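Undergrad: Per the numbering used here, residue 63 is the first one in the sequence shown, and the count goes up by one each step. One structure follows; several queries about it will come next.
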Amino acid sequence: MRTRLTEILGIRYPIVQASMAWITDAVLAAAVSEAGGLGTIGPNAGCTTVTTDVGETGERLRAQIRKCKELTDKPFAVNFVVGVVGWDRDYADRCMDVGLEEGVPVAVVSQGSPAVYTSRLKEAGVKVIHVGSTVRHAQKAEQSGVDAVIMSGTEGGGHSGFDQMTTLCLVPQAVDAVEIPVIAGGGIMDSRGLLAALALGAEGVYMGTRFMATEECPTHPKVKQALLEAMDTSTMAVRHGVPAAPNEAGKSDPGFVEQRRGSVRLLLNDFARKIIAQQGGNVSFEQVIATTGSQGENPESNRTVAAFVDGHLESNTITASQASGLIHDVPTCQRLIDRVIAEAKPILERLSHSYSS
Ligand SMILES: Cc1cc2nc3c(=O)[nH]c(=O)nc-3n(C[C@H](O)[C@H](O)[C@H](O)COP(=O)(O)O)c2cc1C
């Protein structure tokens with residue numbers, strides 16, 4: 063299957079495995095790339111403990127990049143999180159230095175301005191894909207000189223943008239607004255999602271949650287089981303805001319979180335339901351974080367490690383796609399990608415038959 067994206071990246075299928083912090087390591091990324099897609103190494107890849115040491119963060123990433131190169135000679139990506147207001151840029155800068163030193167083929171740059179790293183990456187010959195969630199993000203990324211842009215709809219797992227644009231509405235508007243290839247992310251699980259994205263004008267898909275439920279993904283089996291049990295109504299987006307700078311009285315503006323319409327999509331396990339009920343149904347991600355905590359048996363953990371790596375879902379929440387109800391098995395990456403491609407063909411034939419009759 064060929065699109066401009068497959069040509070630019072030198073990959074067989076226009077399927078990009080999305081970055082998911084802690085659980086998208088070299089093994090997963092290499093498996094996706096070997097299967098013909100583009101694997102992506104995410105933040106804290108291959109780690110089970112938290113470090114606040116900037117140097118160690120960089121060396122952990124270096125080890126993962128080298129491991130991925132040992133496992134595949136195909137292109138793969140590394141996700142660099144630029145960071146928004148209040149974010150400590152030192153980590154991002156160090157990871158960028160390491161990525162360039164190690165000669166990563168593709169960079170997926172997210173959660174921040176494309177102006178920060180694009181020119182450095184392009185000068186080094188790295189293909190750059192920027193992640194955004196509005197048409198304005200796509201235009202800014204194009205102006206910065208990126209090769210392609212991921213438009214990530216609010217259906218997706220993780221932080222799903224400040225404007226709640228759905229993939230169905232966001233992707234065609236971005237396709238109309240920019241010349242570079244658009245990759246559709248958020249809620250894509252199978253061949254139907256792939257073809258729908260292509261019909262909207264996208265030239266590839268960015269799939270996160272679906273790759274969580276694969277044999278190679280290092281997330282805990284309890285997380286994979288939770289995805290297998292998910293239904294259409296199993297997720298809920300909770301509001302999430304960047305903390306405001308202190309106002310004149312030295313206090314954060316309490317209205318700020320309300321004004322921003324950002325969200326994180328939670329998979330509704332018993333623990334998440336309990337917190338939401340405690341807050342009268344109107345919960346923010348900040349309240350969720352405040353309620354969850356590290357687990358004693360892994361003192362170097364945090365809430366994400368406790369949930370995704372150690373499987374402590376009884377006292378933690380996880381984030382996942384609104385389309386998680388479409389996950390019914392835990393295949394290898396090869397099987398998953400083969401199936402997405404194989405099942406697209408009969409759908410195309412059916413569509414072309416209905417169109418011509
Ligand atoms: C558990 C989890 C962790 C994520 N971590 C990151 C991350 O570290 N960086 C990032 O840019 N996006 C992150 N995302 C968002 C994904 O890269 C992607 O946009 C999203 O998963 C696509 O939607 P889908 O889950 O419906 O496929 C994360 C998503 C999930 C589900």
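For every residue, glycine included, the Cβ atom is placed at its ideal position computed from N, Cα and C. Nothing here was measured: the structure is a model prediction, and the numbers come from that model.
Would you check if the region 324-340 and the region 250-260 touch, i.e. whether three or more CB-CB distances between them fall below 8 Å?
TA: Flag = no, the region 250-260 and the region 324-340 do not touch.
Undergrad: Excluding the 5 residues preceding and the 5 following G98 in the sequence, name in chain order all residues of the same chain whose CB lies nearer than 7 Å to its CB.
TA: Cβ within range, chain order: I73, R74, Y75 and I399.
Undergrad: Between the C-alpha atoms of R301 and L260, what's the straight-line distance to the nearest angstrom?
TA: Going from the Cα of R301 to the Cα of L260 covers about 30 Å.
Undergrad: So, are the CB atoms of A239 and A200 less than 8 Å apart?
TA: The answer is yes: Cβ separation under 8 Å.
Undergrad: So if DSSP puts A299 in a beta bridge, which residue, or which two residues, is it bridged to?
TA: Per DSSP, R327.
Undergrad: Please tell me whether P283 and G220 are closer than 8 Å, where the distance is taken between their beta carbons.
TA: Contact: no.
Undergrad: For D152, count neighbouring Cβ atoms within 10 angstroms of its own Cβ and tell me buried if that reaches 16, exposed if not.
TA: By the 10 Å Cβ count, D152 comes out exposed.
Undergrad: Could you work out which residue in R122, T113, L329 and A83 is closest to E217 when comparing CA atoms only?
TA: For the residues R122, T113, L329 and A83, the minimum Cα distance to E217 belongs to L329.
Undergrad: Looking at the structure shown, is V178 part of a helix, part of a strand, or coil, going by DSSP?
TA: Here V178 sits in coil by DSSP.
Undergrad: Rounded C-beta distance between S95 and T134? I'm assuming under 8 Å.
TA: The pair is a contact, with the Cβ atoms about 5 Å apart (cut-off 8 Å).
Undergrad: Quick one: what's got a C-beta closer than 7 Å to E362's C-beta in the same chain, skipping five residues either side?
TA: The answer, listed in chain order, is T111 and V112.
Undergrad: Determine the contact status of S195 and S175, defining contact as a CB-CB distance below 8 Å.
TA: No, the Cβ-Cβ distance between S195 and S175 is not below 8 Å.
Undergrad: Which ranges would you report for the alpha helix (DSSP H) in the region 114-165 if only whole runs of at least 4 residues count?
TA: 116-133 and 151-163, all fully within the region 114-165.
Undergrad: Does the beta-carbon of I250, which I'm using as the reference point, lie nearer than 7 Å to any heavy atom of ligand 1?
TA: Checking every heavy atom of ligand 1 against the Cβ of I250, one is found closer than 7 Å.
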